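In the working numbering, the protein residues as written are 1068 to 1355.
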Amino acid sequence: MSSDPETVVITESGDDAASVAQEDKPYLEFQHVSKSFGEKHVLRDVSWSVRAGETICILGRSGVGKSVALQSIMGFLKPDAGRIWVAYEDITDYGEKDMERIRKKVTMVFQSGALFDSLTVGENVAFPLRERGGLEEAQIFQIVDGLLEMVGVGHMRDLLPAELSTGMRRSVAIARALSAEPECILYDEPTTMVDPMMAHLLGDLIQKLKYQLKLTSVVVTHDMTLAKKLADRVIFLHEGRVVFSGTPKEMENSKEEIVQEFLELDSTDFSSFGKAELRRHQPGDAAL
Ligand SMILES: Nc1ncnc2c1ncn2[C@@H]1O[C@H](COP(=O)(O)OP(=O)(O)O)[C@@H](O)[C@H]1O
Ligand SMILES: [Mg+2]
C-alpha cells in the first residue's frame, strides 16, 4: 500500500519521458488473472487489455464472470492469481485508500443504477460534485442540468428514482458517473431489462460519450447489437477463458463454435422479441 497519492503519481509518471512511455502502455490490463469462489473457477488465466480512448465490449453468457471482471477492476474483488492494471497502475495489492484514488478516475455504472432512493435525480447527480467540494451551489446546479440534458433526462431533475423506468434510472446513473469527470467508465449490462427502444437510446448515449468525451470504456453485455455499435474490440468469455478477441466483424466471421452459437442465439432472441416491442412503443412513451 502506498502512502500519499501524490507520491504515487510522481513515481509512476514524474516527468515527460515517463508520460510519453505511458502512451505505449494499455490503460487497463488483466495479466493472467484467475479468480475462484470455493470450488467454482470463474476466471482462468484471463488476459486482455484496453488502450486509452478505446471501447471494448466483454461478451459472454450469463454467469461467465463478466461482472466479476468489472468488480476486479474497481478493486471490490481481488484476483487469486495474476495482476490487474488500472489507469496505468498495478492495483492488484492496493488497499482502500489507493483504490479510492483510482475510483476517481474509473467509475462504474451498475446494472441496478445504484441510485440513492431518497434523493432526487438532480441530487443524485450532484452527489459526486458535492463530495469533491470547491464548487458553488449555482455551479453545481448548472453542471447537473447540463449532464441530465446530455443523457436525455433534462426534465426529470426533481423526480425520485422510483418514479423513473429502469432505462431512465440507468441514464441518470450514467450522468452521475460523468459528474465525477472520470477517464474511464465501466458499464455492466447497460441494455439488459429495458425494452429495445430504450436499449437503442442507451447505446446511442454511450456512443456519444465515447466520441464527445473520448472516454475509455468497458461495456459488459450479451447484446451483440450493442457490441457492434460500440466496440472497437470485443472480448468473448467462455468457461472462464477468453475464447475470442477482435473486432465485432472478426467475431462474426470467427470459426469458433461457441462464438457462432452465441451469435445465433443472440439474433434469434432479438428478432422474435425486439421487433414486436419496438412496434408497441413510440418515442416519448412514458414507459420507456
Ligand atoms: N461475491 C461472490 N461470491 C461467490 N460467488 C460469486 C460472487 N460473485 C460472483 N460469483 C459467482 O461467479 C460466477 C460469475 O458471476 P458474474 O461475474 O456475476 O457473471 P456474469 O457474467 O453473468 O456477470 C457466478 O457463478 C456467480 O455465482
Ligand atoms: Mg453480470
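Just so you know, even glycine gets a beta-carbon here, dropped at the ideal spot from N, CA and C. If you're wondering where the values come from, they're calculated on a predicted model, not measured in any experiment.
State the start and end residues of the unbroken beta strand (DSSP E) segment that holds residue i.
i            : result
residue 1095 : 1095 to 1104
residue 1109 : 1107 to 1117
residue 1301 : 1300 to 1305
residue 1158 : Looking at the DSSP string, residue 1158 is not in any beta strand (DSSP E), and its letter there is neither H nor E.
residue 1177 : Looking at the DSSP string, residue 1177 is not in any beta strand (DSSP E), and its letter there is neither H nor E.
residue 1313 : 1308 to 1313
My output table needs one value for residue i: the three-state DSSP class, helix, strand or coil.
i            : result
residue 1165 : helix
residue 1212 : helix
residue 1184 : coil
residue 1144 : coil
residue 1286 : strand
residue 1323 : coil
residue 1233 : helix
residue 1128 : coil
residue 1253 : strand
residue 1150 : strand
residue 1197 : helix
residue 1224 : coil
residue 1240 : helix
Does the Cβ of residue i have 16 or more other Cβ atoms within 10 Å, making it buried, or fewer, making it exposed?
i            : result
residue 1134 : buried
residue 1147 : exposed
residue 1291 : buried
residue 1284 : buried
residue 1223 : buried
residue 1154 : buried
residue 1289 : buried
residue 1221 : exposed
residue 1170 : buried
residue 1303 : buried
residue 1332 : exposed
residue 1129 : exposed
residue 1262 : buried
residue 1097 : buried
residue 1104 : exposed
residue 1311 : buried
residue 1229 : exposed
residue 1300 : buried
residue 1160 : exposed
residue 1179 : exposed
What whole-angstrom Cβ distance do residue i and residue j have, given they're in contact under 8 Å?
i            : j            : result
residue 1315 : residue 1243 : Wrong, their Cβ atoms sit about 29 Å apart, outside the cutoff.
residue 1181 : residue 1240 : 7 Å
residue 1246 : residue 1214 : 6 Å
residue 1132 : residue 1307 : 6 Å
residue 1276 : residue 1238 : Rounded, the Cβ-Cβ distance is 11 Å, inconsistent with contact.
Along the chain, where does the alpha helix (DSSP H) containing residue i start, and where does it finish?
i            : result
residue 1264 : 1263 to 1280
residue 1297 : 1291 to 1297
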